[in-house]
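Each remark here refers to the structure printed beneath this line.
Numbering (our numbering), first residue to last: 657 to 1139.
The following block contains the structure:
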């Protein structure tokens, strides 16, 4: 039986209403979020940040189509504390994670004071990004390096792939068979970074109809330095630059880049790119003996710029106006605050970051605020003079650092000495201006004192009875002559 004109008009109206309803549902769907975290990737280890040796065309493209933060920082200068800061939105005095394992690093006879004891795991009572998203109706997954407890499943994540207390994938761990728990290879000669991306795409496929949060935390480019043979050969034959010449490291970076391209393509093919916020960063600065970050001073483990300034950008097709560069100092704790604002979460957990959403989406100008790093412990030297630290025995001695505007103050607890730098005129932190600008030193130190009091930050002041000035002097002289 044929349709009359009245029925045809009614059918057209119903179809239009259904299409409108479908459009509204798509428009109201919560945005997906992917935090793309690379391990030990230095500030100058990407094409868009200035490297001519490492090849990162996919990362460069995404960065340039989003907003790049030239002054992006990690919450700490080494793995575990920085990750705890990112996952919780809280600075180190709140969660107590300052390093990996013991805070008593280096030779005991060269430590003048007793360092603050270290907390080994991020307590379950602290709400992580996993908790934040899961309580707001998201499906969540942690892939790769976790390093702040035994299992992310106890801290808000629905799924976990290869995450545990391990800080690296172990000996020969980038190629299958793997050392990380519960990850069996699916094919011969499988590479860990590739596998983690495949698992992320599989998770996205299973949750296309739900809002999802993906914490894609590669073990790369942490040691052991292991790249695919074809890439090692490629970079061994490529002209390098001073301090950037390691073919294995270069191959690992290129593999991360390839996987960024793979992930973006997967989102595009599934029609999810326009509804997915991607934030990319590193957990700390690069290892100085592996890759120089010049003109930034030092590297991982140091609170000079090379240890804490990292690649940092955000991309959201159609939502974030692209091709923008911001000089606003931001820190990885801002990621938690941004996500909290994005999902309109109302939990009352203290957050030391601030939401970047007004800047990202609306283009609003955000005021400059001070950034603080508190490190009341020791980190032994990796490579003496090559580390470019304050001395050749330690990458970091106990201290607190503040950056406010263009100024940065380092305060050390062993001797109460200060270093003041203007990062605009001296990004390499070579010219200590404390005597030239005593008022600025005083202003910034008062900020540190007030901040410490507000966070009840532990201050190490107890003298170490085993300290021996003669032994320290001998070791300094010996190490200075080694490098």
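Glycine is no exception: its CB is placed at the ideal position from the N, C-alpha and C atoms.
Nothing here was measured: the structure is a model prediction, and the numbers come from that model.
For residue 1029, the uninterrupted beta strand (DSSP E) run begins and ends at 1027–1031, by DSSP. In this structure, the CA atom of residue 934 is about 19 Å from the CA atom of residue 850.
Judged by DSSP in its simplified three-state form, residue 709 adopts coil rather than helix or strand. Contact check between the stretch 735–742 and the stretch 1092–1112: fewer than three CB pairs, one atom from each, fall below 8 Å, which does not count as touching. C-alpha of residue 841 to C-alpha of residue 829: approximately 12 Å in a straight line. Between residue 764 and the set 1003, 859, 1033, the nearest pair of CA atoms involves 1033.
Where residue 972 is concerned, there is no enclosing alpha helix (DSSP H), because DSSP gives it neither an H nor an E. The stretch 798–881 contains, as complete alpha helix (DSSP H) runs of 4+ residues, the segments 848–862 (chain order).
With fewer than 16 other beta carbons inside 10 angstroms of its own, residue 1125 counts as exposed. Ranked by how close their Cα comes to the Cα of residue 940, the residues 696, 688, 795, 686 have 696 in first place. Per DSSP, the continuous beta strand (DSSP E) segment holding residue 688 begins and ends at 688–694. Residue environment: residue 880 is assigned as exposed (fewer than 16 neighbouring CB atoms within 10 Å of its CB, all protein chains considered).
Assignment of beta-bridge partners to residue 1066 by DSSP yields 1057, 1075. Listed in chain order, the non-local C-beta contacts of residue 968 below 6 Å within the same chain comprise 725, 728, 937, local neighbours out to five positions each way being set aside. Remark: three or more beta-carbon pairs, one from each stretch, lie closer than 8 Å, so the stretch 903–923 and the stretch 847–864 are flagged as touching. When C-beta atoms of the stretch 977–985 are compared with those of the stretch 755–763, fewer than three pairs fall below 8 Å, so the two segments do not count as touching. Here residue 905 carries a helix assignment [DSSP, helix/strand/coil]. The stretch 888–896 and the stretch 825–839 do not touch, with fewer than three beta-carbon pairs separated by less than 8 Å.
At the C-beta level, residue 942 and residue 955 come within 8 Å of one another.
Here residue 1086 is exposed: its Cβ has fewer than 16 other Cβ atoms, across all protein chains shown, within 10 Å. Between residue 747 and residue 731, the C-beta gap is smaller than 8 Å, which places the two residues in contact. Assigned with DSSP and collapsed to three states, residue 981 falls in strand. About 4 Å separates the beta carbons of residue 1100 and residue 1065, which is inside the 8 Å limit, making them a contact pair.
By the Cβ-count criterion, residue 733 is buried, with 16 or more other Cβ atoms from all chains shown falling within 10 Å of its own Cβ. Under the three-state reduction of DSSP output, residue 1051 falls in the strand class. Leaving aside the five residues that flank residue 712 on each side, the residues in its chain whose CB is nearer than 6 Å to its CB run, in chain order, 702, 703, 913.
Note that the stretch 1024–1039 touches the stretch 981–999; at least 3 beta-carbon pairs, one per stretch, sit closer than 8 Å. Rounded to the nearest angstrom, the gap between the Cα atoms of residue 1022 and residue 972 is 19 Å. Residue range 723–725 is occupied by the beta strand (DSSP E) that includes residue 723. Assigned with DSSP and collapsed to three states, residue 698 falls in coil, not helix or strand. In this chain, the alpha helix (DSSP H) harbouring residue 1111 covers 1094–1111. Just so you know, the alpha carbons of residue 959 and residue 1057 end up roughly 7 Å apart.
Straight through space, the alpha carbons of residue 1108 and residue 1055 are spaced by roughly 12 Å. For residue 991, the enclosing alpha helix (DSSP H) begins and ends at 989–998.
Residue pairing of residue 1035 in beta bridges, as defined by DSSP: 1052.
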